[in-house]
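The structure appears right after this line, and notes come after that.
Protein chains in written order, with the working numbering: chain A, 8 to 177; chain B, 82 to 528.
Here it is, written out as structure tokens:
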């Protein structure tokens, strides 16, 4: 059965160091859980890429085109000439386009966030509530007792106040 | 944090904020009961009365077809302008002092927007046809007129409401998770849903950081556009006193001005009644005071400019409008506005005033009374004094309108009171970020 070793640290530097040590000892990608965002994670665990910016960008483009198409399309579908002015009037329709750019940009950003952060999840997962208060947790999956002992040793050497073994809830 | 107090720990922040959510005193319930009672009696009853007897129950007439309902609409939209906008600007510029106050400021945005939308419904007369403003296929094959500034308003405010709601929610996800672990019963289930299964992993923080910044970048131009568009409801007409190019920046500056004053009021109340003295300090009031001073000067400059352009232009209609504004029926209100929004805020030049809580509270309320007057005057002085003297007619709000105005304030207070018991009103994780990082307990570890 897959279990997880989780080491709880008092400070972020020790947690980062432990994660780096685990990674260089050949463990699968360690995860750090913390009450605040930690700086320097990418230097230790490798660069993180996110697709959110693409979502925002294409969401914005979609909104810009969609907003203009909505205003222009509905104007063409029900012709209502006023004072000899053009049916597709650029300046006011650009305002609709502008607002829809932002609206769709925002909605796409949220979608991008949820997809890339793999949320929402409502089933039980490896988690220690102290990491939402004042502890910094480092967790790795362990396939065997030997692997857990190795992880425990590394975590303790790095300064973990406590190391726990958690079963995989799934 | 005052120097004589024990330095705060991370766990103290969780304790304080969770306590603010779950421990509720009698004062809170009494205030809530009063707010709900005032809201029902002063807002909903008069509104139902108006729906039953018709829009004539309000004091609006021809030519003053817009009255205090729309003045209140601009006021509430304006009040919404500092919360999310200021929060976004301060987030992008990485201002530390933002972190303790932004959540409540954003809530202020959200609730003032909701009240503003309700004010439009009240003004409509037949609010059950509000869906006609939405572009949806219908049997008459009619579509809304996208060339109308009123429809720009619908789209802009919907976008702003959506954006503000998402922005405050996204920033609260880690805090919902922190609160989830400390609550039980219905609250636990609510926070389980709201926190989406957040665990605070490095990947989640990374994604949240990016998404939050992108949202901030998108919301800044949105907020500016919203109040510009509200100003076009007026400026795109050919009414003297309204048809002015300066109106968009005038409205935006006015909105941020009254919104910032609103934040000061809310901060005072939170600090005093939610026991947030540790988080909301003199530094916040000092910075907000400086911002208010700057905005009051900008606002005064635009007002002088408006008068000067009308006077220098010298066209008879503009000139009459100017004369009427300064010396006519509504002139006492005009001079009250100048006193409250241009003269009184000059006191903020003194650091002693900026760092004193009660004077700041009084000033913030005075500024918002002045700003409400400004919005009232924009409508009342112009529509009642258009081109031909035969169409001049005074406007005074009826009791129904005044009552609904009072009720709208009670509605805002009710929403805010409910908010402080559901949302952590100070951001737990961002306040922690402003605190000294926990250091290694034993400096001589082997590594």
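Ideal Cβ placement from N, Cα and C applies to all residues, glycine included.
Under the three-state DSSP convention, the category residue i falls into
{"i": "residue 227 of chain B", "result": "coil"}
{"i": "residue 430 of chain B", "result": "helix"}
{"i": "residue 157 of chain B", "result": "helix"}
{"i": "residue 10 of chain A", "result": "strand"}
{"i": "residue 526 of chain B", "result": "For residue 526 of chain B, the predicted model reports a pLDDT of 44, less than 50, meaning its position is unreliable; a value from the coordinates is still stated below. DSSP places residue 526 of chain B in coil when its eight states are reduced to three."}
{"i": "residue 345 of chain B", "result": "helix"}
{"i": "residue 492 of chain B", "result": "helix"}
{"i": "residue 60 of chain A", "result": "helix"}
{"i": "residue 84 of chain B", "result": "Model confidence at residue 84 of chain B stands at a pLDDT of 44, short of 50, so the residue's coordinates are unreliable and nothing is read from them."}
{"i": "residue 30 of chain A", "result": "helix"}
{"i": "residue 435 of chain B", "result": "helix"}
{"i": "residue 137 of chain A", "result": "helix"}
{"i": "residue 285 of chain B", "result": "helix"}
{"i": "residue 487 of chain B", "result": "helix"}
{"i": "residue 482 of chain B", "result": "helix"}
{"i": "residue 262 of chain B", "result": "coil"}
{"i": "residue 384 of chain B", "result": "helix"}
{"i": "residue 219 of chain B", "result": "coil"}
{"i": "residue 327 of chain B", "result": "coil"}
{"i": "residue 91 of chain A", "result": "coil"}
{"i": "residue 374 of chain B", "result": "helix"}
{"i": "residue 244 of chain B", "result": "helix"}
Span of the beta strand (DSSP E), counted from its first residue to its last, around residue i
{"i": "residue 104 of chain B", "result": "That residue, residue 104 of chain B, is in no beta strand (DSSP E); it is neither H nor E in DSSP."}
{"i": "residue 173 of chain A", "result": "169-174"}
Chain-order list of residues whose beta-carbon lies under 7 Å from that of residue i (same chain, five-residue window excluded)
{"i": "residue 196 of chain A", "result": "One cannot answer for residue 196 of chain A here, as it falls past the ends of chain A, which runs 8 to 177."}
{"i": "residue 323 of chain B", "result": "315, 316 and 463"}
{"i": "residue 411 of chain B", "result": "458, 461 and 462"}
{"i": "residue 106 of chain A", "result": "74"}
{"i": "residue 259 of chain B", "result": "95 and 509"}
{"i": "residue 149 of chain B", "result": "457, 478, 482 and 486"}
{"i": "residue 216 of chain B", "result": "224 and 225"}
{"i": "residue 38 of chain A", "result": "146"}
Beta-bridge pairing of residue i - partner residues as DSSP gives them
{"i": "residue 144 of chain A", "result": "A:15 and A:40"}
{"i": "residue 149 of chain A", "result": "A:10"}
Boundaries of the alpha helix (DSSP H) in which residue i is found, first to last residue
{"i": "residue 277 of chain B", "result": "Careful: residue 277 of chain B lies outside any alpha helix (DSSP H) and carries neither H nor E."}
{"i": "residue 201 of chain B", "result": "183-205"}
{"i": "residue 51 of chain A", "result": "48-52"}
{"i": "residue 146 of chain B", "result": "Residue 146 of chain B -> no alpha helix (DSSP H), and no H or E assigned at all."}
{"i": "residue 124 of chain B", "result": "First-last for residue 124 of chain B: undefined, no H or E at that position."}
{"i": "residue 358 of chain B", "result": "That residue, residue 358 of chain B, is in no alpha helix (DSSP H); it is neither H nor E in DSSP."}
{"i": "residue 470 of chain B", "result": "Unbroken run through residue 470 of chain B: none, as it is neither H nor E."}
{"i": "residue 123 of chain A", "result": "97-123"}
{"i": "residue 513 of chain B", "result": "509-515"}
{"i": "residue 180 of chain B", "result": "Neither: residue 180 of chain B is in no alpha helix (DSSP H) and is coded neither H nor E."}
{"i": "residue 411 of chain B", "result": "Counting along the chain, residue 411 of chain B falls outside any alpha helix (DSSP H), and DSSP gives it neither H nor E."}
Close-in-space but distant-in-sequence residues of the same chain around residue i (CB under 6 Å, 5 per side omitted)
{"i": "residue 472 of chain B", "result": "144"}
{"i": "residue 163 of chain B", "result": "337, 340, 341 and 344"}
{"i": "residue 166 of chain B", "result": "304"}
{"i": "residue 194 of chain B", "result": "161 and 242"}
{"i": "residue 235 of chain B", "result": "214"}
Proximity of residue i and residue j at Cβ, strictly below 8 Å
{"i": "residue 331 of chain B", "j": "residue 383 of chain B", "result": "yes"}
{"i": "residue 417 of chain B", "j": "residue 451 of chain B", "result": "yes"}
{"i": "residue 141 of chain A", "j": "residue 42 of chain A", "result": "yes"}
{"i": "residue 301 of chain B", "j": "residue 248 of chain B", "result": "no"}
{"i": "residue 514 of chain B", "j": "residue 108 of chain B", "result": "no"}
{"i": "residue 512 of chain B", "j": "residue 389 of chain B", "result": "no"}
{"i": "residue 25 of chain A", "j": "residue 34 of chain A", "result": "no"}
{"i": "residue 379 of chain B", "j": "residue 429 of chain B", "result": "no"}
{"i": "residue 6 of chain A", "j": "residue 135 of chain A", "result": "Because chain A spans 8 through 177 in this model, residue 6 of chain A falls outside it and cannot be assessed."}
{"i": "residue 118 of chain B", "j": "residue 109 of chain A", "result": "no"}
{"i": "residue 295 of chain B", "j": "residue 116 of chain A", "result": "yes"}
{"i": "residue 19 of chain A", "j": "residue 518 of chain B", "result": "yes"}
{"i": "residue 197 of chain B", "j": "residue 158 of chain B", "result": "yes"}
{"i": "residue 169 of chain B", "j": "residue 297 of chain B", "result": "yes"}
{"i": "residue 465 of chain B", "j": "residue 475 of chain B", "result": "yes"}
{"i": "residue 293 of chain B", "j": "residue 355 of chain B", "result": "no"}
{"i": "residue 192 of chain B", "j": "residue 103 of chain A", "result": "no"}
{"i": "residue 203 of chain B", "j": "residue 147 of chain B", "result": "no"}
Proximal residues to residue i (C-beta, below 8 Å), its chain only, five neighbours per side dropped
{"i": "residue 171 of chain B", "result": "178, 179 and 183"}
{"i": "residue 254 of chain B", "result": "275, 276, 277, 279 and 289"}
{"i": "residue 121 of chain A", "result": "127"}
{"i": "residue 346 of chain B", "result": "442, 445, 446 and 449"}
Residue i beta carbon near the ligand NAD (any heavy atom closer than 7 Å)
{"i": "residue 432 of chain B", "result": "Summarising the ligand content, the structure contains no ligands, and the ligand NAD is consequently not present."}
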